[in-house]
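Note that the sequence shown covers residues 30 to 319 in this note's numbering. Beta carbons are placed, not taken as given, at the ideal position from N, Cα and C, and that holds for glycine. Predicted, not measured: the structure shown is a model, and the values here were computed from it. Worksheet: one structure, shown below.
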Amino acid sequence: MFFKRVGQSKAPQRAVFLALSVVVPSLFLSACMSSEKDIDLSTYVDQTEPADVLYNQGLANLNAGRLQEASRKFDAVDRQHPYSEFARKSMVMGAFADYRQGNYDEAIGSAKRYLTLYPSTDDAAYAQYIIGLSYYRQIKDVTQDQKEARQTLQTMQDLVTRWPTSEYVDDAKEKMRFANDQLAGKEMQIGRYYLERREYIAAVKRFRTVVENYSNTRHVEEALARLTESYYAMGLTSEAQTAAAVLGTNYPDSTWYKDSYKLLQSNGLAPRENAGSWISKAGKMITGGA
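Structure below.
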(Lines of atoms letter the chains of each structure in order from A and count residues from 1; the text may use other names and numbers.)
(Lines give C-alpha, C1' and ligand atoms only; values in the text may rest on other atoms or scores of the structure.)
Protein backbone atom coordinates (compact mmCIF):
# COMPACT_ATOMS: atom_id res chain seq x y z
CA MET A 1 0.00 0.00 0.00
CA PHE A 2 1.38 3.45 -0.93
CA PHE A 3 0.69 6.41 1.30
CA LYS A 4 1.40 9.99 0.20
CA ARG A 5 3.43 12.34 2.34
CA VAL A 6 1.90 15.62 3.34
CA GLY A 7 3.58 19.04 3.38
CA GLN A 8 5.92 19.57 6.31
CA SER A 9 5.83 22.76 8.40
CA LYS A 10 9.09 24.63 9.21
CA ALA A 11 9.53 26.08 12.69
CA PRO A 12 11.11 29.55 12.83
CA GLN A 13 14.85 29.48 13.53
CA ARG A 14 14.49 31.65 16.60
CA ALA A 15 11.96 29.29 18.16
CA VAL A 16 14.26 26.34 17.49
CA PHE A 17 17.19 28.20 19.07
CA LEU A 18 15.17 29.06 22.18
CA ALA A 19 13.93 25.49 22.50
CA LEU A 20 17.46 24.13 22.26
CA SER A 21 18.78 26.66 24.79
CA VAL A 22 16.30 25.26 27.33
CA VAL A 23 16.51 21.57 26.50
CA VAL A 24 20.26 21.10 26.02
CA PRO A 25 21.40 22.30 29.50
CA SER A 26 18.73 20.19 31.23
CA LEU A 27 19.75 17.24 29.08
CA PHE A 28 23.38 17.74 30.13
CA LEU A 29 22.41 17.95 33.81
CA SER A 30 20.32 14.78 33.74
CA ALA A 31 23.14 12.98 31.95
CA CYS A 32 25.56 13.91 34.73
CA MET A 33 23.18 12.69 37.40
CA SER A 34 22.22 9.48 35.62
CA SER A 35 24.05 6.23 36.09
CA GLU A 36 23.19 5.26 32.51
CA LYS A 37 25.98 5.50 29.93
CA ASP A 38 23.78 6.55 26.98
CA ILE A 39 21.10 9.19 26.56
CA ASP A 40 17.95 8.20 24.66
CA LEU A 41 18.19 10.77 21.88
CA SER A 42 15.12 9.33 20.17
CA THR A 43 13.02 10.71 23.03
CA TYR A 44 14.54 14.13 22.46
CA VAL A 45 13.79 13.92 18.73
CA ASP A 46 10.22 12.83 19.37
CA GLN A 47 9.68 15.76 21.69
CA THR A 48 10.89 18.36 19.24
CA GLU A 49 9.67 17.13 15.83
CA PRO A 50 6.39 18.58 14.51
CA ALA A 51 3.34 16.40 14.02
CA ASP A 52 3.54 16.38 10.22
CA VAL A 53 7.19 15.28 10.30
CA LEU A 54 6.44 12.36 12.62
CA TYR A 55 3.40 11.39 10.56
CA ASN A 56 5.34 11.39 7.28
CA GLN A 57 8.09 9.35 8.89
CA GLY A 58 5.45 6.87 9.99
CA LEU A 59 4.11 6.60 6.44
CA ALA A 60 7.63 6.16 5.04
CA ASN A 61 8.32 3.35 7.50
CA LEU A 62 4.98 1.77 6.69
CA ASN A 63 5.70 1.81 2.97
CA ALA A 64 9.15 0.35 3.59
CA GLY A 65 7.74 -2.49 5.70
CA ARG A 66 9.25 -1.22 8.97
CA LEU A 67 6.03 -1.75 10.83
CA GLN A 68 7.27 -1.45 14.40
CA GLU A 69 8.98 1.85 13.64
CA ALA A 70 5.85 3.05 11.87
CA SER A 71 3.78 2.22 14.94
CA ARG A 72 6.22 4.13 17.14
CA LYS A 73 5.96 7.23 14.96
CA PHE A 74 2.17 7.16 14.80
CA ASP A 75 1.98 6.66 18.58
CA ALA A 76 4.29 9.63 19.03
CA VAL A 77 2.00 11.88 17.00
CA ASP A 78 -1.04 10.81 18.98
CA ARG A 79 0.77 11.20 22.28
CA GLN A 80 2.57 14.50 21.67
CA HIS A 81 0.03 16.29 19.46
CA PRO A 82 -3.33 15.05 20.76
CA TYR A 83 -6.53 16.04 18.96
CA SER A 84 -4.61 17.48 16.02
CA GLU A 85 -5.46 16.50 12.45
CA PHE A 86 -2.27 14.47 12.28
CA ALA A 87 -3.14 12.71 15.54
CA ARG A 88 -6.46 11.73 14.02
CA LYS A 89 -4.80 10.33 10.92
CA SER A 90 -2.08 8.65 12.98
CA MET A 91 -4.64 6.85 15.11
CA VAL A 92 -6.17 4.98 12.18
CA MET A 93 -2.80 4.38 10.50
CA GLY A 94 -1.41 3.08 13.78
CA ALA A 95 -4.34 0.66 13.96
CA PHE A 96 -3.48 -0.53 10.45
CA ALA A 97 0.20 -0.97 11.39
CA ASP A 98 -0.82 -3.03 14.42
CA TYR A 99 -3.09 -5.15 12.23
CA ARG A 100 -0.27 -5.80 9.76
CA GLN A 101 1.95 -6.96 12.63
CA GLY A 102 -0.69 -9.35 13.91
CA ASN A 103 -1.30 -7.27 17.02
CA TYR A 104 -5.03 -7.66 16.62
CA ASP A 105 -6.16 -6.62 20.09
CA GLU A 106 -4.16 -3.39 19.81
CA ALA A 107 -5.52 -2.75 16.31
CA ILE A 108 -9.09 -3.27 17.51
CA GLY A 109 -8.54 -1.00 20.50
CA SER A 110 -7.08 1.83 18.43
CA ALA A 111 -9.74 1.57 15.72
CA LYS A 112 -12.56 1.53 18.28
CA ARG A 113 -11.06 4.59 19.95
CA TYR A 114 -10.96 6.30 16.57
CA LEU A 115 -14.63 5.54 15.97
CA THR A 116 -15.52 6.91 19.40
CA LEU A 117 -13.69 10.18 18.78
CA TYR A 118 -14.28 10.60 15.05
CA PRO A 119 -17.39 8.64 14.02
CA SER A 120 -18.29 10.90 11.09
CA THR A 121 -14.96 11.29 9.31
CA ASP A 122 -13.97 9.83 5.95
CA ASP A 123 -11.69 7.30 7.65
CA ALA A 124 -14.39 5.96 9.99
CA ALA A 125 -15.36 3.20 7.54
CA TYR A 126 -11.71 2.21 7.27
CA ALA A 127 -11.40 2.00 11.06
CA GLN A 128 -14.47 -0.24 11.16
CA TYR A 129 -12.96 -2.36 8.39
CA ILE A 130 -9.72 -2.80 10.37
CA ILE A 131 -11.74 -4.04 13.36
CA GLY A 132 -13.54 -6.55 11.16
CA LEU A 133 -10.32 -7.77 9.57
CA SER A 134 -8.71 -8.17 12.98
CA TYR A 135 -11.55 -10.41 14.13
CA TYR A 136 -11.56 -12.25 10.81
CA ARG A 137 -7.87 -13.16 11.07
CA GLN A 138 -8.53 -14.79 14.43
CA ILE A 139 -11.37 -17.10 13.33
CA LYS A 140 -10.60 -20.64 14.44
CA ASP A 141 -11.41 -24.08 13.10
CA VAL A 142 -15.05 -25.16 13.56
CA THR A 143 -14.01 -27.60 16.25
CA GLN A 144 -13.28 -24.57 18.44
CA ASP A 145 -15.37 -21.67 19.72
CA GLN A 146 -16.56 -19.33 16.97
CA LYS A 147 -16.60 -16.09 18.96
CA GLU A 148 -14.40 -14.33 16.42
CA ALA A 149 -16.65 -15.44 13.56
CA ARG A 150 -19.64 -13.86 15.32
CA GLN A 151 -17.65 -10.69 15.94
CA THR A 152 -16.53 -10.58 12.31
CA LEU A 153 -20.12 -10.97 11.14
CA GLN A 154 -21.42 -8.21 13.41
CA THR A 155 -18.59 -5.78 12.66
CA MET A 156 -18.76 -6.22 8.90
CA GLN A 157 -22.56 -6.02 8.95
CA ASP A 158 -22.28 -2.69 10.77
CA LEU A 159 -19.84 -1.52 8.10
CA VAL A 160 -22.21 -2.44 5.29
CA THR A 161 -25.15 -0.82 7.07
CA ARG A 162 -23.46 2.42 8.11
CA TRP A 163 -21.27 2.95 5.05
CA PRO A 164 -23.09 1.21 2.16
CA THR A 165 -21.11 3.06 -0.52
CA SER A 166 -17.71 2.42 1.05
CA GLU A 167 -14.96 0.83 -1.02
CA TYR A 168 -14.67 -1.82 1.70
CA VAL A 169 -18.24 -3.10 1.38
CA ASP A 170 -17.56 -5.81 -1.22
CA ASP A 171 -14.77 -7.40 0.81
CA ALA A 172 -16.79 -6.99 3.99
CA LYS A 173 -19.57 -9.05 2.40
CA GLU A 174 -17.06 -11.75 1.46
CA LYS A 175 -15.84 -11.89 5.05
CA MET A 176 -19.45 -12.09 6.24
CA ARG A 177 -20.09 -15.07 3.97
CA PHE A 178 -17.07 -16.84 5.38
CA ALA A 179 -18.09 -16.06 8.96
CA ASN A 180 -21.61 -17.34 8.30
CA ASP A 181 -20.18 -20.52 6.83
CA GLN A 182 -18.03 -21.02 9.92
CA LEU A 183 -20.99 -20.54 12.25
CA ALA A 184 -23.08 -22.99 10.22
CA GLY A 185 -20.19 -25.43 10.24
CA LYS A 186 -20.04 -25.25 14.02
CA GLU A 187 -23.75 -26.05 14.28
CA MET A 188 -23.26 -29.00 11.94
CA GLN A 189 -20.35 -30.31 13.98
CA ILE A 190 -22.42 -30.26 17.16
CA GLY A 191 -25.45 -31.71 15.36
CA ARG A 192 -23.41 -34.65 14.07
CA TYR A 193 -22.12 -35.25 17.59
CA TYR A 194 -25.67 -35.61 18.91
CA LEU A 195 -26.78 -37.67 15.92
CA GLU A 196 -23.99 -40.19 16.45
CA ARG A 197 -25.18 -40.61 20.03
CA ARG A 198 -28.80 -40.94 18.93
CA GLU A 199 -29.79 -37.77 20.76
CA TYR A 200 -32.12 -36.90 17.94
CA ILE A 201 -33.98 -33.95 19.43
CA ALA A 202 -30.72 -32.13 20.20
CA ALA A 203 -29.41 -33.00 16.73
CA VAL A 204 -32.55 -31.69 14.99
CA LYS A 205 -32.24 -28.40 16.87
CA ARG A 206 -28.76 -27.82 15.43
CA PHE A 207 -29.63 -28.85 11.89
CA ARG A 208 -32.76 -26.69 12.01
CA THR A 209 -30.64 -23.69 13.02
CA VAL A 210 -28.52 -24.18 9.91
CA VAL A 211 -31.53 -24.39 7.59
CA GLU A 212 -33.33 -21.41 9.11
CA ASN A 213 -30.42 -19.08 9.94
CA TYR A 214 -27.69 -20.02 7.49
CA SER A 215 -29.67 -20.78 4.35
CA ASN A 216 -27.06 -19.16 2.11
CA THR A 217 -24.21 -21.45 3.16
CA ARG A 218 -22.92 -24.70 1.70
CA HIS A 219 -23.96 -26.59 4.85
CA VAL A 220 -27.71 -26.44 4.14
CA GLU A 221 -27.51 -29.40 1.79
CA GLU A 222 -26.11 -31.73 4.43
CA ALA A 223 -28.35 -30.24 7.13
CA LEU A 224 -31.48 -31.24 5.18
CA ALA A 225 -30.11 -34.75 4.71
CA ARG A 226 -29.33 -35.01 8.42
CA LEU A 227 -32.84 -33.81 9.23
CA THR A 228 -34.21 -36.56 7.00
CA GLU A 229 -32.08 -39.08 8.85
CA SER A 230 -32.96 -37.75 12.32
CA TYR A 231 -36.72 -37.48 11.75
CA TYR A 232 -36.78 -40.91 10.14
CA ALA A 233 -35.01 -42.39 13.19
CA MET A 234 -37.57 -40.71 15.46
CA GLY A 235 -40.48 -42.13 13.45
CA LEU A 236 -41.57 -38.68 12.23
CA THR A 237 -41.90 -39.82 8.64
CA SER A 238 -43.83 -36.77 7.37
CA GLU A 239 -41.02 -34.44 8.48
CA ALA A 240 -38.41 -36.80 7.07
CA GLN A 241 -40.21 -36.85 3.71
CA THR A 242 -40.50 -33.06 3.71
CA ALA A 243 -36.80 -32.58 4.46
CA ALA A 244 -35.90 -34.92 1.61
CA ALA A 245 -38.33 -33.19 -0.76
CA VAL A 246 -36.89 -29.74 -0.01
CA LEU A 247 -33.42 -31.18 -0.44
CA GLY A 248 -34.37 -32.63 -3.83
CA THR A 249 -35.97 -29.40 -5.00
CA ASN A 250 -32.89 -27.33 -4.22
CA TYR A 251 -30.14 -29.89 -4.86
CA PRO A 252 -31.55 -32.52 -7.24
CA ASP A 253 -28.13 -33.87 -8.24
CA SER A 254 -26.77 -34.01 -4.73
CA THR A 255 -25.36 -37.22 -3.30
CA TRP A 256 -27.01 -36.17 -0.03
CA TYR A 257 -30.38 -36.26 -1.81
CA LYS A 258 -29.65 -39.67 -3.29
CA ASP A 259 -28.81 -41.02 0.17
CA SER A 260 -31.95 -39.48 1.68
CA TYR A 261 -34.10 -40.87 -1.10
CA LYS A 262 -32.61 -44.33 -0.61
CA LEU A 263 -33.22 -44.15 3.16
CA LEU A 264 -36.92 -43.39 2.68
CA GLN A 265 -37.28 -45.94 -0.09
CA SER A 266 -35.98 -48.66 2.25
CA ASN A 267 -39.26 -48.36 4.15
CA GLY A 268 -41.49 -47.85 1.14
CA LEU A 269 -41.53 -44.06 1.47
CA ALA A 270 -40.64 -41.26 -0.95
CA PRO A 271 -39.88 -37.53 -0.63
CA ARG A 272 -43.12 -35.60 -0.22
CA GLU A 273 -43.39 -32.01 0.92
CA ASN A 274 -45.79 -30.98 3.65
CA ALA A 275 -46.49 -27.30 2.99
CA GLY A 276 -47.37 -26.73 6.65
CA SER A 277 -43.99 -27.90 7.92
CA TRP A 278 -41.35 -25.46 9.12
CA ILE A 279 -38.96 -27.17 6.70
CA SER A 280 -41.14 -26.28 3.73
CA LYS A 281 -41.34 -22.64 4.82
CA ALA A 282 -37.59 -22.43 5.48
CA GLY A 283 -36.89 -24.14 2.15
CA LYS A 284 -38.21 -21.12 0.29
CA MET A 285 -35.33 -19.06 1.70
CA ILE A 286 -32.59 -21.41 0.64
CA THR A 287 -30.06 -19.92 -1.74
CA GLY A 288 -27.21 -22.34 -1.13
CA GLY A 289 -23.53 -21.46 -0.86
CA ALA A 290 -20.35 -21.93 -2.81
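For Ala147, which of Arg129, Tyr165, Ser119 and Ser100 has the nearest alpha-carbon? For the purposes of this step, residue 147 is identified with residue 118 of the sequence shown, where counting begins at 1. This sequence places Tyr at residue 147; Ala is not what is there. If we check each option's Cα against that of Tyr147, Ser119 comes out closest.
Counting C-beta neighbours from all protein chains within 10 Å, is the total for Gln175 16 or more, i.e. buried, or is it exposed? Working through the sequence shown from its first residue, we reach residue 175 at position 146. Its Cβ being crowded by 16 or more others within 10 Å, Gln175 is buried.
How many angstroms separate the CA atom of Tyr197 from the CA atom of Arg191? Stepping through the sequence shown from its first residue, residue 197 is reached at position 168. Stepping through the sequence shown from its first residue, residue 191 is reached at position 162. So the two alpha carbons sit approximately 12 Å from each other.
How would you label Gly305, buried or exposed, when you count the other beta carbons within 10 angstroms and need 16 or more for buried? Residue numbering aside, residue 305 sits at position 276 when the sequence shown is read from its first letter. Gly305 comes out exposed.
Here's the rule: buried if 16 or more other CB atoms are within 10 angstroms of the residue's CB, otherwise exposed. What is Glu251? One-based indexing of the sequence shown puts residue 251 at position 222. So Glu251 counts as buried.
Closest residue to Ser244 among Gly220, Lys234 and Asp210 (Cα-Cα distance): Here residue 244 is taken as the residue at index 215 of the sequence shown, counted from 1. It is Asp210.
Can you give me the Cβ contacts of Phe115 inside the same chain, cut-off strictly under 7 Å, excluding the 5 residues immediately before and after it? By 1-based counting over the sequence shown, the position of residue 115 is 86. Result list for Phe115: Ala80, Asp81, Tyr84 and Val106, in chain order.
Taking the straight line between their C-alpha atoms, what separation do you get for Arg179 and Val171? Your numbering for residue 179 matches position 150 in the sequence shown. Your numbering for residue 171 matches position 142 in the sequence shown. Cα to Cα, the separation comes out at about 12 Å.
Euclidean distance between Cα positions of Tyr249 and Leu256: Position 220 of the sequence shown holds residue 249. Position 227 of the sequence shown holds residue 256. Tyr is not the amino acid found at residue 249; the sequence shown has Val there. Going from the Cα of Val249 to the Cα of Leu256 covers about 10 Å.
Is Asp127 helix, strand or coil when you go by DSSP? For the purposes of this step, residue 127 is identified with residue 98 of the sequence shown, where counting begins at 1. Looking at Asp127 - three-state DSSP - the assignment turns out to be helix.
Could you give the distance in angstroms between the alpha-carbon of Asp104 and the alpha-carbon of Tyr286? Stepping through the sequence shown from its first residue, residue 104 is reached at position 75. Stepping through the sequence shown from its first residue, residue 286 is reached at position 257. If you take the alpha carbons of Asp104 and Tyr286, they lie about 57 Å apart.
Given Asn296 as reference, the closest of Leu144, Met217 and Gly264 once Cα atoms are compared: By one-based count along the sequence shown, residue 296 stands at place 267. Closest option to Asn296, Cα to Cα, is Gly264.
Look up Gly277 in the DSSP assignment and say whether it is helix, strand or coil. The count along the sequence shown starts at 1 and reaches residue 277 at position 248. Helix.
Would you mind giving the Cβ-Cβ distance between Ser113 and Gly123, rounded to the nearest angstrom? I have them listed as a contact below 8 Å. On the sequence shown, position 84 is the one that residue 113 refers to. On the sequence shown, position 94 is the one that residue 123 refers to. Not a contact, Cβ separation roughly 14 Å.
Reduced DSSP category for Asn92 - H, G, I as helix; E, B as strand; rest coil: Taking the first residue of the sequence shown as 1, we reach residue 92 at position 63. Secondary structure at Asn92: helix, using DSSP grouped into helix, strand and coil.
State the DSSP-derived secondary structure class of Ala299, mapped to helix, strand or coil. Counting from one through the sequence shown, the residue named residue 299 turns up at place 270. Annotated three-state conformation of Ala299 is coil, per DSSP.
Are the Cβ atoms of Met205 and Leu224 separated by less than 8 Å? The sequence position of residue 205 within the sequence shown is 176, counting from 1. The sequence position of residue 224 within the sequence shown is 195, counting from 1. Annotated as distal: Met205 and Leu224, with beta-carbon spacing of 8 Å or more.
What would DSSP say about Gly264, mapped onto helix, strand or coil? Taking the first residue of the sequence shown as position 1, residue 264 is located at position 235. Note: Gly264 maps to coil in three-state DSSP.
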